[in-house]
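See structure below.
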Amino acid sequence: MTTEKKSLGIQEIMDLLPHRYPFLMVDKVENYEISDERKTLRAIKNVSFNEPIFQGHFPAKPVFPGVLILEAMAQATGILAFTMVGKPSPNELYYFASIDNARFKRPVGPGDQLVLDVEFLKERRGIAKFTGVATVNGEIVCTAELMCAKREV
C-alpha cells in the first residue's frame with residue numbers, strides 16, 4: 008500500500024512536532040512516500056537573514072550552523088516517523104538519539120533554501136534509523152545517518 012501526499016503545511020507540521028519558533032526548522036513538507044518498499048520525505052527549511060542565530064554566527068559573514076542543519080534533518084525524520092505511525096499522543100515525543108557519519112560539504116547562508124531528504128532504514132526496540140541529505144540548489148551541503156527514539160514523556 009502506498010500513501011503519497013504532495014505537501015504538509017506549517018500547521019500540519021506543528022501538529023506533529025513540539026518545536027516552535029525560533030527552533031522549528033521545517034517550513035513545509037513537499038512530499039512523502041510511505042510504502043512497503045520505501046519510506047521517504049522531502050522537507051524545506053528557508054534560511055532567512057532575520058533568524059536570531061545570525062546576530063552572532065557570524066556578523067561579518069553569516070553562516071547557518073551545521074548543528075542546526077542536523078537538527079532540521081532530525082525534525083524531518085520525526086515528521087516522517089509520525090506520518091508512518093500516526094499523529095503523536097500528547098505525551099509522546101521522538102528524541103534525537105544519535106548521529107553518525109555527518110559530513111558537511113559547503114556553508115549555508117541567508118537566502119538559501121535547504122532541501123531535506125530523509126529515508127527510513129529500520130526500527131528496532133523503539134529506535135528508528137534514517138539517512139538524511141541536505142541540499143541547496145541541487146548541491147549537497149550535508150549528509151548523515153540519524154537515529155531517533157520514540158518515548159513517553
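At the far end of the sequence shown sits residue 160, using the working numbering, and the numbering has no gaps. Ideal Cβ positions, reconstructed from N, Cα and C, are used throughout, including at glycine.
Shortest alpha-carbon distance to residue i belongs to which of the options?
i: Pro114; options: Ile76, Arg27, Asp34, Glu44; result: Ile76
i: Glu44; options: Pro66, Pro29, Leu128; result: Leu128
i: Ala109; options: Tyr102, Lys94, Ala151, Ala81; result: Ala151
i: Lys136; options: Gly16, Pro29, Ile106; result: Ile106
i: Arg158; options: Pro95, Met32, Gly118; result: Pro95
i: Asn98; options: Val160, Phe111, Leu31; result: Val160
Give me the Cα-Cα distance between residue i and residue j, rounded to the nearest whole angstrom.
i: Gln120; j: Val54; result: 6 Å
i: Gly85; j: Leu100; result: 9 Å
i: Gln62; j: Val70; result: 10 Å
i: Leu23; j: Phe65; result: 32 Å
i: Val74; j: Lys13; result: 28 Å
i: Val36; j: Ile20; result: 8 Å
i: Pro25; j: Leu123; result: 19 Å
i: Cys149; j: Ala83; result: 14 Å
i: Gly93; j: Pro29; result: 25 Å
i: Leu48; j: Pro72; result: 22 Å
At a cut-off of 7 Å, would you count residue i as near the ligand COA, judging by its Cβ distance to the nearest heavy atom?
i: Glu37; result: As far as ligands go, the structure on display features none, and thus does not contain the ligand COA.
Can residue i and residue j be called in contact, C-beta distance under 8 Å?
i: Lys46; j: Met80; result: no
i: Thr142; j: Val125; result: no
i: Cys155; j: Phe103; result: yes
i: Ile162; j: Asp34; result: The requested residue 162 does not occur in the structure, where the chain is confined to residues 8 to 160.
i: Val140; j: Ile134; result: no
Residues bridged to residue i by DSSP?
i: Met154; result: Ser105, Lys136
i: Ile20; result: Looking at the DSSP assignment, Ile20 forms no beta bridge with any residue, so it has no partner.
i: Leu15; result: Val36
Cβ of residue i less than 8 Å from any chain D Cβ?
i: Ala83; result: Absence of chain D from the displayed structure is noted, only one protein chain being present.
Item to check | Inside the region 45 to 129 only - alpha helix (DSSP H) runs reaching at least 4 residues | outcome: 73 to 92
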